[in-house]
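What follows is one structure encoded as structure tokens, with my remarks underneath.
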Ligand SMILES: Cc1cc2nc3c(=O)[nH]c(=O)nc-3n(C[C@H](O)[C@H](O)[C@H](O)COP(=O)(O)OP(=O)(O)OC[C@H]3O[C@@H](n4cnc5c(N)ncnc54)[C@H](O)[C@@H]3O)c2cc1C
Ligand SMILES: Cc1cc2nc3c(=O)[nH]c(=O)nc-3n(C[C@H](O)[C@H](O)[C@H](O)COP(=O)(O)OP(=O)(O)OC[C@H]3O[C@@H](n4cnc5c(N)ncnc54)[C@H](O)[C@@H]3O)c2cc1C
Ligand code: SF4
Ligand code: SF4
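Structure, rendered in structure tokens:
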């Protein structure tokens with residue numbers, strides 16, 4: 002590969018991959034670098050709600066309008082990434098009903114269709130809901146898969162000639178005369194560093210954008226705001242469930258394929274890397290969620306995690322949930338005179354395409370390219386399609402993952418972890434959390450990819466460790482049992498933990 | 246979703262213990278088994294909004310509803326619950342549907358047959374009838390004889406009241422069971438009445454006619470509850486009827502009513518055991534017999550009260566076996582495409598019986614009896630019919 | 032009806048207790064929520080594979096390691112059971128296994144190293160006679176995988192074994208040509224291999240793989256009930272030795288043991304009620320009077336003189352983990368546990384604290400208060416994974432503890448009439 006591109010995009014989340022695609026479709030030679038795998042930042046640690054905007058209509062009408070516009074576009078162009086579940090807002094007898102009217106007005110203004118439904122009728126379709134519903138409305142919410150979305154953006158961008166380097170971290174910038182000339186990259190696996198020259202850098206580092214900008218001596222005031230989410234073993238409701246009240250903790254349930262993602266919270270934290278959910282936070286969430294789904298505490302949790310919102314504060318004003326979710330495009334030349342770098346911060350996953358468009362419009366203009374944005378016109382596709390498999394072909398029965406999908410997930414990858422594979426296929430995301438499929442996948446890849454046996458062992462162990470970490474905050478009830486079964490299999494039955502210790506002296 | 250029994254899919258750890266206990270898996274490899282058809286696929290069915298069944302769901306037709314998976318599960322999952330529910334959603338071939346309907350409604354057959362027993366019995370032997378049965382997909386096997394007999398009941402009012410629910414098999418095919426049960430109950434000091442209720446609905450449940458079964462269940466529940474209010478206990482002698490009233494009804498009509506009902510349903514020998522009454526005297530024991538525990542008795546969680554009595558009173562050497570399913574599962578073994586499978590499932594039981602060299606097999610379930618007689622040629626009797634002979638003569 | 036001994040739980044510990052109690056002619060009933068963990072476990076009785084658990088070297092003489100453990104870890108179940116009782120339980124189990132037609136062998140003085148499905152070696156103490164084969168010293172080994180089975184990868188296992196044993200090991204796939212439109216697990220394959228035509232297919236394919244005079248390692252799929260016939264036919268026809276490797280659940284070897292053991296106990300007159308948890312107990316004066324299962328909204332009471340509690344651990348559901356506590360499910364016995372529940376590292380060889388939690392007992396296996404050591408119930412004897420202070424998975428002692436503690440609990444329960452000590 003060449004050592005010079007026109008634009009380097011930093012960050013492989015929804016925003017960065019959206020930007021890369023937009024650049025590529027306008028014929029701009031670009032490279033995206035991501036320190037881990039795609040969508041391992043906030044775009045893989047979020048709620049998975051393709052907002053209709055209804056959540057924001059009272060507080061932030063502008064944001065709501067952007068959401069509904071993008072909602073409509075994305076449903077059209079990214080069907081592989083979106084499950085059009087529909088959504089609902091319900092108010093219970095304990096809620097303030099005056100808010101309902103405000104909310105209805107806001108939806109009207111933002112152009113979000115709402116349809117009222119009687120409690121009785123809704124309960125027939127969604128029997129898990131509390132019988133205490135007093136008002137209920139349907140909205141055009143949907144579920145979106147951040148992993149697939151980032152991968153699909155990249156697939157589309159690749160086709161148009163863009164390049165991507167994952168597990169590659171930006172460690173510095175080459176600056177000349179207050180202009181960015183290149184970025185220093187470090188391969189996280191080999192430790193090797195390289196310089197890639199460029200005309201422009203777009204910093205789409207999300208919650209890390211401040212850290213990245215600092216490498217170029219720039220100051221962006223981002224307060225990391227942690228949100229905890231939990232995953233339930235089954236689909237509790239068929240539609241996205243929102244609590245019809247001023248936005249707060251624990252008021253959204255998003256059905257994702259066979260599971261439900263529930264959350265979230267909003268707490269200022271010290272670091273964008275603080276993505277651990279604690280037992281206490283999970284219990285608080287459950288208490289809150291029980292108002293909408295009374296049996297919640299009896300349902301099986303399979304995982305808990307947290308994501309960090311990149312909340313941008315121009316003047317250090319408001320923080321936390323009250324802050325605006327609108328995104329900001331920072332043209333560093335206007336603040337410090339540094340040429341060749343813009344940062345995109347804030348926003349929502351739902352509006353990633355719009356953010357990309359705004360950023361690329363500016364950068365393209367600076368580069369003297371006047372091609373318009375066409376990202377809303379062309380469809381994007383998942384690299385590993387989920388359909389078409391027949392019984393008898395599954396390696397993971399919980400989530401119906403086939404050997405063919407495993408092959409597709411690692412196409413052209415020299416190195417990969419099972420977590421990388423999981424993000425594209427859902428391998429190990431079901432109730433057993435990898436108990437059965439991890440061994441199978443390791444055995445399968447060992448042979449099909451000709452892996453060294455130590456590499457296969459590592460693949461296997463790393464994935465088991467990773468799944469263990471994510472379930473620690475919810476290890477009670479059935480998931481504690483599942484963990485013991487996993488230990489029984491990998492320690493008791495397979496004796497995996499001694500495999501790489503020294504040979505037995507026999 | 247997410248209510249009560251539905252939710253127990255959350256308890257599945259995918260250990261496949263249930264899979265190893267399924268008699269259909271053991272004899273028909275293409276059958277995906279309780280773990281996959283039950284909790285595993287149910288999650289994915291929910292993900293599809295519970296609407297369109299999977300292609301693989303067709304296999305549900307092969308589940309015999311024996312419930313061995315339910316009791317095997319170490320984690321309280323009841324795969325058969327999902328099987329029943331989803332079987333009802335299958336479309337299936339229309340011819341089989343017609344045949345299943347006939348079999349599910351054997352009560353009507355039975356009724357007509359028992360009013361004119363000779364005709365039905367003749368008809369079933371008659372080649373043409375057999376041929377037409379073959380055409381609708383009913384296996385060429387012996388059908389139960391239909392018999393009619395008047396039951397003698399004492400009119401005396403007593404404090405202890407029993408409503409005896411005989412079920413289809415005893416009512417139409419072996420009324421002597423009814424007489425035996427009535428005699429035993431009376432000997433225990435009960436005032437007995439015969440239940441005016443129709444079929445319990447088991448055949449409909451296992452043929453996927455859930456809606457109809459539900460209606461029947463509702464009707465029956467109301468009848469039973471009226472009696473229960475008057476202080477009656479509901480007594481059954483057929484394991485499948487008993488299980489249906491205790492468990493299936495609670496699934497079909499979850500709520501207070503079915504809970505009140507199930508608390509008052511008793512197997513004849515279960516109540517004797519509970520009350521500690523022994524109206525029998527142990528004279529002249531039968532030397533040797535084999536007691537087959539019906540799957541649906543095992544699933545009731547009451548142990549083997551009849552066998553314990555038989556052992557104490559009537560049989561010197563009683564082999565009590567619960568390892569095998571006889572394979573008939575109500576109307577299942579009457580279906581042409583399942584006949585061979587049904588006999589294969591029963592194979593180990595038949596072999597065990599033959600090897601035990603017993604002159605007599607005892608079991609509580611009418612269709613188990615048919616299957617065992619068909620598979621072994623050994624006489625099979627209901628425990629009530631045996632034990633009746635040991636009632637103390639003073640009564 | 033009054034039973035002499037009521038055993039709660041149908042895992043190896045419960046079976047073993049029932050065996051001991053029925054040996055002394057007692058009237059025994061086993062009541063359990065479901066089948067035990069043997070259907071997931073290997074079917075080997077691992078007694079003590081690593082001691083201390085952080086050691087990377089396997090224990091080769093478990094009897095000797097046991098003596099050390101008894102001195103050093105006085106709370107460990109083995110210390111409560113005592114070496115003599117352990118030997119007794121081994122002898123009784125081996126005798127019973129012969130009678131049930133699934134003969135086991137091995138001794139407290141030696142561990143045999145068995146290959147696992149990833150190609151590690153795991154030390155085990157008692158094993159079916161058919162598995163008495165020495166992987167370490169056998170000259171030529173061929174690892175065989177079956178294409179239809181998703182749970183075994185022969186090249187993967189072979190390469191790891193190569194590293195363990197320091198010599199070349201061959202691996203082959205055989206394809207049985209089964210096409211049934213679903214994934215097959217070990218149990219399914221074991222069913223099919225009882226059929227002569229499919230077994231012959233396997234034998235033909237193995238012949239092509241040139242296995243004569245070799246040790247064939249193959250996933251444990253060689254028959255569910257007629258395994259003896261299947262294994263000996265392969266060995267005779269191909270003049271080779273066959274060793275089955277336990278696979279991911281469902282475990283065929285575990286199935287064989289569980290089914291044979293249960294049938295054997297039934298023939299001995301032990302009654303079983305399986306399918307419902309014990310969810311009612313009546314205790315007075317530090318004695319359990321009766322227990323009951325709730326089936327269909329009604330309590331079925333079961334009365335006995337003495338009780339064995341063998342309901343398993345967290346996995347078996349004898350212990351239930353709640354967000355802020357762990358509960359013993361039947362008698363609500365106090366639990367011995369440490370504050371820290373989970374270590375960061377899944378493979379930590381010290382074991383997880385969560386797994387060490389359980390019921391503390393005295394030398395009579397009666398449950399005691401972990402603080403005061405006072406006996407809580409005098410006629411209840413606790414066995415198996417319900418016991419505190421060991422982690423079966425890092426120690427490789429799961430079935431060993433279940434067998435030995437179950438047996439002792441059964442012996443004590445059959446004797447009856449216990450005071451505190
Ligand atoms: C709990 C929570 C729930 C949310 N729910 C929703 C929702 O339901 N719907 C919705 O629309 N939005 C939601 N959001 C917001 C949404 O997730 C984010 O706005 C969006 O994912 C941000 O995407 P991004 O690409 O800007 O950032 P990220 O996805 O975080 O991408 C930034 C990337 O940059 C990489 N990076 C950082 N430093 C470097 C470096 N030095 N070199 C190379 N790469 C680097 C990181 O690894 C990361 O992958 C939620 C946010 C949170 C926290
Ligand atoms: C995957 C796996 C592999 C293993 N491999 C090995 C191995 O290779 N070698 C080895 O030695 N060990 C192994 N083990 C460990 C070993 O299997 C267990 O430690 C041992 O079987 C525990 O036996 P148990 O009888 O105490 O409990 P269990 O087998 O768990 O039995 C508990 C019984 O109690 C019943 N029960 C629970 N609650 C109630 C209630 N309230 N009322 C009534 N009944 C109840 C259950 O239904 C069950 O029947 C393995 C374990 C696992 C999970
Ligand atoms: S239903 Fe029960 S027995 Fe069957 S796989 Fe699930 S947990 Fe195991
Ligand atoms: S009910 Fe019986 S036949 Fe049906 S899946 Fe369960 S065990 Fe198999």
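Residue numbers (this note's numbering), protein chains in the order written: chain P, 2 to 507; chain Z, 246 to 640; chain X, 32 to 452. We treat Cβ as the ideally placed atom computed from N, Cα and C, and that holds for glycine.
When DSSP states are grouped into helix, strand and coil, residue 224 (chain P) belongs to the strand group. When C-beta distances to chain X are compared with 7 angstroms, the residues of the stretch 494-517 of chain Z below that value are 504, 507, 508, in chain order. With a contact defined as Cβ atoms closer than 8 angstroms, residue 363 (chain P) and residue 330 (chain P) qualify at about 7 angstroms. Within chain P, 234, 235, 300, 301, 479 have C-beta atoms less than 7 angstroms from the C-beta of residue 255 (chain Z), given in sequence order. The beta strand (DSSP E) runs of length 3 or more contained entirely in the stretch 235-287 of chain P are, from start to end of the chain, 241-244, 253-257, 260-264. In terms of CA proximity to residue 194 (chain P), P:172 leads the group P:200, P:209, P:172, P:182. Of the residues assessed, residue 375 (chain P) falls on the exposed side of the cut-off, its CB having fewer than 16 other CB atoms within 10 angstroms.
Contact of residue 423 (chain X) with chain Z is not assigned, every C-beta pair being separated by 8 angstroms or more.
Residue-level contact check: residue 225 (chain P) does not touch chain Z, since none of the beta carbons of chain Z fall below 8 angstroms from its beta carbon. Not one heavy atom of ligand 4 sits closer than 7 angstroms to the Cβ of residue 399 (chain X). Comparing alpha-carbon positions, the option among P:481, P:15, P:114 lying closest to residue 357 (chain X) turns out to be P:481. A Cβ-Cβ distance of about 5 angstroms is found for the pair residue 144 (chain P) and residue 86 (chain P), placing them in contact under the 8 angstroms criterion.
Looking at the backbone, the Cα of residue 424 (chain Z) and that of residue 415 (chain Z) are separated by about 10 angstroms. Judged by their CB atoms, residue 373 (chain X) and residue 495 (chain P) are not nearer to each other than the 8 angstroms cut-off. Contacts between residue 105 (chain X) and chain Z, judged by CB atoms closer than 9 angstroms, are missing: the closest CB pair is about 32 angstroms apart.
As DSSP reads the structure, residue 398 (chain X) sits in a beta bridge with X:392. The Cβ atoms of residue 445 (chain X) and residue 117 (chain X) lie no closer than 8 angstroms to each other. Remark: fewer than three beta-carbon pairs, one from each stretch, lie closer than 8 angstroms, so the stretch 61-73 of chain P and the stretch 149-156 of chain P are not flagged as touching. Using a CB distance cut-off of 8 angstroms, residue 254 (chain P) does not count as an interface residue toward chain Z. By the Cβ rule, the stretch 117-126 of chain P does not count as touching the stretch 160-178 of chain P, because fewer than three pairs are nearer than 8 angstroms.
Under the Cβ criterion of 8 angstroms, residue 483 (chain P) is counted among the residues facing chain Z. Excluding sequence positions up to five before and after residue 624 (chain Z), its CB lies within less than 8 angstroms of the CB of 604, 605, 606, 618, all in the same chain and listed in chain order.
Residue pairing by DSSP places residue 405 (chain Z) opposite Z:435 in a beta bridge. Inside the stretch 462-521 of chain Z, DSSP marks whole alpha helix (DSSP H) runs of 4 or more residues at positions 484-488, 494-497, 501-508, 513-520, from first to last along the chain. For residue 277 (chain Z), the neighbours in chain X by C-beta distance under 8 angstroms run, in chain order, 213. Contact of residue 486 (chain P) with chain Z by beta-carbon distance below 9 angstroms involves 258, 259, 260. At least 8 angstroms separates the CB of residue 445 (chain Z) from every CB of chain X.
For residue 261 (chain Z), the distance from the CB to the nearest heavy atom of ligand 3 is below 7 angstroms. Inclusion of residue 64 (chain X) in the 7 angstroms shell around ligand 2 follows from its C-beta lying nearer than that to a non-hydrogen atom of the ligand.
When the five nearest sequence neighbours on each side are left out, the beta carbons in the same chain lying within less than 7 angstroms of the beta carbon of residue 45 (chain P) are those of 147, 148, 424, in order along the chain.
Inter-residue distance for residue 200 (chain X) and residue 192 (chain X) is about 7 angstroms (C-alpha atoms, whole angstroms). Taken from the Cβ of residue 143 (chain P), every heavy atom of ligand 1 lies 7 angstroms or farther away. Short of 6 angstroms from the beta carbon of residue 223 (chain X), and not among the five residues preceding or following it, lie these beta carbons of its own chain, in chain order: 229. Between ligand 2 and residue 139 (chain X), a heavy atom-to-CB distance of less than 7 angstroms is absent. For chain Z, the residues of the stretch 301-330 of chain X that bring a beta carbon within less than 9 angstroms of one of its beta carbons are 302, 303, 304, 305, 306, 307, 308, 324, 325, 326, 327, 328, 329, in chain order.
Looking from the CA of residue 348 (chain P), the closest CA among P:371, P:231, P:135, P:210 belongs to P:210.
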